[in-house]
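Everything on this sheet refers to the single structure shown next.
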Amino acid sequence: MHGDRVVGFISGATRGIGFALTSLLAQRDDVLIFAGARDPANALPLQELAEKTGKVIPVKLEAANEADAAALVKLVEQKAGKVDVLVNNAGIAEDFNKPVLATPPASFTKQFTVNALGALVLFQHLHPLLIKSSSPRFFAITSSAGSTGSIALIPLSLAAYGSSKAALNHLVAHIAREHGEKDNLIATLHGEKDGLVAAVVHPGFVGTDMAKAAMEAVGLTLDAQIPGIQMLTPDESAAALVKIYDEAKRETHGGRFFSYDGSQIPW
């Protein structure tokens, strides 16, 4: 028996928001966190966190790699038997501030693969373990750049990245519809009425390597003050995200697009 501990899985857990989320959740009692990393053996901060807490298990996961996903399912099944909270955090962003005409199709393909298909592969493989939870939850870290209604408010061009996040948002909206809604015809027809809470959350503008690259693309440094935009640390963002994860209910959060502060973002 695995007891009543809460089991989480976080992809992209080696640095930035993913590492901050893993570190924060590992402070709780009765938790076990599986932390995805492309190269866990060389993810030293993650290894140190695992040794220090005894509540973190680093696992190999490259986004959209089905062999990795299949292997981690076997490991999670053996050690925990379920997943209560699945957080798709792994993501990339490239070609900052390039117009569509100057962005190679290969850049779109690469970012779609990691940012959208990575979430698909993770969800498809871990779904059997999610539905063994009494309160299954699936959250994807997205971006306000994936909001079609907010394109005019973003001060640089993010065509490939934003499109990949919009695809992620659309995917999770479908997941929520098919798995989480009560008396839903689609869920009834497909037999997937399993009460899953699924939502996408924008983590804020966080001081990570990705944010640094975005700022440099427009000739600014990471510490530059941008009117109307608050820079968060990874720890501040993680605390806000966890608050949403804790409060999320199907009726209030399922299939919705949230910002880190709890407000909703237009699709």
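Sequential numbering from -12 applies to the sequence shown in my numbering. Every residue gets a Cβ at the ideal spot worked out from N, C-alpha and C, and that includes glycine.
Check	Outcome
Spatially closest choice to residue 246 from 156, 59, 237, 38, by CA coordinates	156
Assumed close pair residue 134, residue 254 - CB separation to whole angstroms, cut-off 8 Å	6 Å
Residue -4 versus residue 236 - alpha carbon distance	19 Å
When 158, 225, 89, 12 are compared against residue 147, the one with the closest alpha-carbon	89
Short Cβ contact (8 Å threshold) for residue 77 with residue -1	yes
Spatial distance of residue 120 from residue 229 (CA atoms)	18 Å
Sequence-distant residues of the same chain with beta carbon closer than 7 Å to residue 255, five excluded per side	Here the chain comprises residues numbered -12 to 254, so residue 255 is not present and cannot be evaluated.
Beta-carbon proximity check, residue 162 vs residue 185, cutoff 8 Å	yes
Check whether residue 183 and residue 125 have beta carbons under 8 Å apart	yes
Reference residue 191, options 84, 132, 27, 122, closest by Cα	132
Those residues which DSSP pairs with residue 190 across a bridge	Answer by DSSP bridge pairing: none, since residue 190 is not bridged.
C-beta contact flag for residue 108 and residue 53 at 8 Å	yes
Where residue 61 falls, given that 16 or more other Cβ within 10 Å makes a residue buried	exposed
Residue 251, DSSP secondary structure in three states	strand
Cβ neighbour criterion (16 or more within 10 Å) applied to residue 248	exposed
Coil, strand or helix - residue -12 by DSSP	In this predicted model, residue -12 has a pLDDT of only 34, less than 50, meaning its place in the structure is not dependable enough to derive any value.
Which listed residue (1, 56, 18, 16) has its alpha carbon closest to that of residue 29	1
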